[in-house]
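Going letter by letter, the sequence shown gives residues -17 to -1, 1 to 305 in mature numbering (1 follows the signal peptide of the UniProt record, and there is no 0). From the three backbone atoms N, C-alpha and C, an ideal C-beta is built for every residue, glycine too. Remarks on the structure that follows.
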Amino acid sequence: MKKIFFLFILTITLTNASNLETLTIMGEKVPHWVEYTAKTSYADKVDIISEEPGYVKVINFKNGDNIKKGDIVVVLENRELFIEEGQARKALEMDEITYKKYEKLYSKELISESELFTYRQNYLESKKDYNLIEKRVDDLKIRAQVSGIVGNIEVEIGNKIEAGNKIASTASRSLMEVTGYIPTEEINNIRVNDAIDINFSELKIKEKGRITEINPFVDEKIKKYRIKGTFENSTPYLLDNIYTNVQINISPETGILIPKSSIIYYDLETYAYVIKDGVVNRKKITLGREVKDQFIVLSGLEIGETLIINDLYNITRGQKIN
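What follows is the structure, given as structure tokens:
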């Protein structure tokens, strides 16, 4: 649900009591945004998984290298599989010779079609078996699934690898993801595809992106909602696992803003002084987020009241102001 914040227009008045300055609360829209800390990751990171067991024979890349889709990252050796391939190749060659032999006999009408069919089926089955073995052998050449950079290579020459083991990871640097958490009170103010501003202050890099995912279930440990966004990476300096500040600009909301100089603290509580009918009243207030040199007031003040904005420690409740 959209709200509208009102910005105070300051009407400065000098009183006869210690030259106090006051302002009258009047309404004007102000922007509203949500800020949170997020962590980067590669949006299209893909793990390279071994389809077959074997021993590492060749490693063609090192962590951080650029890579193209289809490049061979690691080559495994599996002697048992090579033996199976040789046996399958010989079986295919024998069945192919036999099939062609009987195909010639059939063309001369020396055997029946049913006899030829049997030899043809034997040949086709052998060809199918060989193709399967050939694919398994080819899977010993472990390839990159996407173009980009390669990392997480932790295998070494001679290591034994099982089917299903992760060999490395590849990712494109062009599309990055940021993941963070926002307070529960803001969850209804944001939507998927909302614009986000990403600020890497230490690197002096700013990027723009969009919200791609909002988890509707609150994290029970921190009582916040996880959100994800993506952005196009325009530099070579942004990598995985970097912390950044993300800002979501939201439609203006209803609220009250007061300058910092009008806020006073007593016994860990927050107060402001207002003048009503020439008398100073101290009002307990609840503050929201900071907006430059002002704070949003969530409760305690009303539009139209006269607020004292200076010399707060020299005035008291009930003091009369001329």
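Where residue i falls: helix, strand or coil (DSSP)
i: F200; result: coil
i: A21; result: strand
i: V129; result: coil
i: E160; result: strand
i: residue 336; result: Residue 336 is absent from the structure shown; the chain starts at -17 and stops at 305.
i: K265; result: Residue identity check: residue 265 is Arg in the sequence provided, not Lys. In the structure shown, R265 sits in a strand (DSSP, three-state: E or B).
i: R119; result: helix
i: N46; result: coil
i: E190; result: strand
i: N182; result: strand
i: L270; result: strand
i: K206; result: coil
i: S97; result: helix
i: K243; result: helix
i: K51; result: coil
Local Cβ density within 10 Å of residue i, reported as buried at 16 or more and exposed below that
i: Y113; result: buried
i: V133; result: buried
i: S152; result: buried
i: N61; result: buried
i: L290; result: buried
i: L115; result: exposed
i: N216; result: buried
i: L3; result: buried
i: Q277; result: buried
i: D121; result: exposed
i: L75; result: buried
i: G301; result: exposed
i: L59; result: buried
i: residue 350; result: Shown here, the chain extends from -17 to 305; a query on residue 350 therefore has no answer.
i: Y102; result: buried
i: F200; result: exposed
i: L6; result: buried
Where the alpha helix (DSSP H) containing residue i begins and where it ends
i: K84; result: R62 to S90
Presumed contact (8 Å Cβ cut-off) between residue i and residue j, rounded CB distance
i: A178; j: N228; result: The pair is not a contact, with the Cβ atoms about 15 Å apart (cut-off 8 Å).
i: V39; j: I144; result: 6 Å
i: P235; j: H15; result: 6 Å
i: V263; j: I298; result: 6 Å
i: A127; j: I50; result: 5 Å
i: Y220; j: I188; result: 7 Å
i: Y25; j: A154; result: 3 Å
Identity of the residues DSSP links to residue i by a beta bridge
i: V56; result: In DSSP, V56 forms no bridge with anything.
i: A26; result: According to DSSP, which records beta bridges pairwise, A26 is partnered with nothing at all.
i: T153; result: V29 and V133
i: Y256; result: R265
First and last residue of the uninterrupted beta strand (DSSP E) at residue i
i: E7; result: Reading off the sequence, residue 7 comes out as Thr, not Glu. From DSSP, the beta strand (DSSP E) with T7 extends over E4 to T7.
i: D250; result: Where D250 is concerned, there is no enclosing beta strand (DSSP E), given that its DSSP letter is neither H nor E.
i: T218; result: Element bounds for T218: n/a, residue is neither H nor E.
i: I233; result: Y226 to I233
i: L290; result: T289 to I291
i: Q277; result: Q277 to S282
i: T167; result: No beta strand (DSSP E) contains T167, which DSSP labels as neither H nor E.
i: A146; result: No beta strand (DSSP E) contains A146, which DSSP labels as neither H nor E.
Residue i: CB within 7 Å of a non-hydrogen atom of the ligand SAH
i: A71; result: In the structure shown, the ligand SAH is absent, as is every other ligand, since no ligand is present at all.
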